[in-house]
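Heads up: the structure comes next, in structure tokens.
In my numbering, the protein residues as written are 10 to 257.
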């Protein structure tokens, strides 16, 4: 075989190899991505099922109730005034007395398991305080009874802005946001969604007045997670706030 023929055959083999690589590499990438996504989804489903069972176990608990300003996406809504965001002066006893005949009906979540699964947007995981809690949009009592609620108008999970999650602080140790005060700077918070996992590191914890709306402020170029609840337990004169910053 002449030298030009050998060179021609070599180039031909190279082009064939490149063609195969062009076909195979995307398939490999797709396969790996699918496996990764399936692992994330499976993990999310497992975590969500655990959180769902936890939500149902909370049905027999008596969480503190407090008023949260409903800030919607519509900026034309009525302004929030100091009088409108005062927390009700309720104790565990007064809470049960005020519910009267509805006490028995509150022993189970308003929403069915199917409804919870349909509305949940993620799972909040804080290993330090052994917390796995469903996340939903909204701050209605039926939501806060079983989940941490994202205040409408605040940032969305994983996106630039300040995602503010409100949660009850149960009288029972370890339930809802009961142990949120144990978090300190540097602690890790995880949020899992059906298609991703987001990691946050706590950078600030403080106590505020019930009418302090500064925790709802939105940054221009950061991804912040804010958790807040009543403080102290059973008194609820103030709000306990934890801020965490998303890390890539």
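Every residue gets a Cβ at the ideal spot worked out from N, C-alpha and C, and that includes glycine.
Nearest-angstrom Cβ-Cβ length linking residue i and residue j, presumed shorter than 8 Å
i           : j           : result
residue 158 : residue 133 : So it is not a contact: roughly 11 Å between Cβ atoms.
residue 189 : residue 216 : Wrong, their Cβ atoms sit about 11 Å apart, outside the cutoff.
residue 178 : residue 235 : Rounded, the Cβ-Cβ distance is 15 Å, inconsistent with contact.
residue 60  : residue 141 : 5 Å
residue 227 : residue 147 : About 18 Å; that fails the 8 Å criterion.
residue 222 : residue 163 : Residue 222 to residue 163, Cβ: 11 Å. No contact.
residue 8   : residue 197 : This structure leaves residue 8 out entirely; the chain is present only between 10 and 257.
Same chain, Cβ closer than 7 Å to residue i, five either side skipped, listed in chain order
i           : result
residue 100 : Unreliable placement is indicated for residue 100, whose pLDDT of 34 sits below 50; the coordinate value is still reported in the next sentence. Cβ neighbours of residue 100 beyond the five flanking positions: 243.
residue 131 : 144, 166, 200, 201, 202
residue 84  : With a pLDDT of 36 at residue 84, under the threshold of 50, the predicted position of this residue should be treated as unreliable, though the coordinate-derived value follows. Counting only Cβ-Cβ distances below 7 Å, and skipping sequence neighbours, we find nothing.
residue 153 : 175, 176, 177
residue 212 : 194, 252, 253, 254
First through last residue of the alpha helix (DSSP H) which encompasses residue i
i           : result
residue 155 : It is not in any alpha helix (DSSP H) - residue 155 carries neither H nor E in the DSSP assignment.
residue 125 : 122 to 128
Residue interval of the beta strand (DSSP E) (run including residue i)
i           : result
residue 255 : 247 to 256
residue 187 : No beta strand (DSSP E) contains residue 187, which DSSP labels as neither H nor E.
residue 140 : 140 to 146
residue 202 : 197 to 202
residue 211 : 205 to 217
Those residues which DSSP pairs with residue i across a bridge
i           : result
residue 175 : 158, 237
residue 232 : 170
residue 131 : 144
8 Å CB neighbourhood of residue i in its chain, flanking five on each side removed
i           : result
residue 257 : none
residue 240 : 178, 190, 216, 246, 247, 248, 249
residue 168 : 232
residue 229 : 169
Own chain, CB closer than 6 Å to residue i, minus 5 neighbours either side, in chain order
i           : result
residue 81  : Low per-residue confidence applies at residue 81: pLDDT is 42, beneath 50, and the placement is therefore not dependable enough to give any value.
residue 206 : none
Cβ contact check for the segment 189 to 204 and the segment 133 to 142: 3 or more pairs under 8 Å: yes
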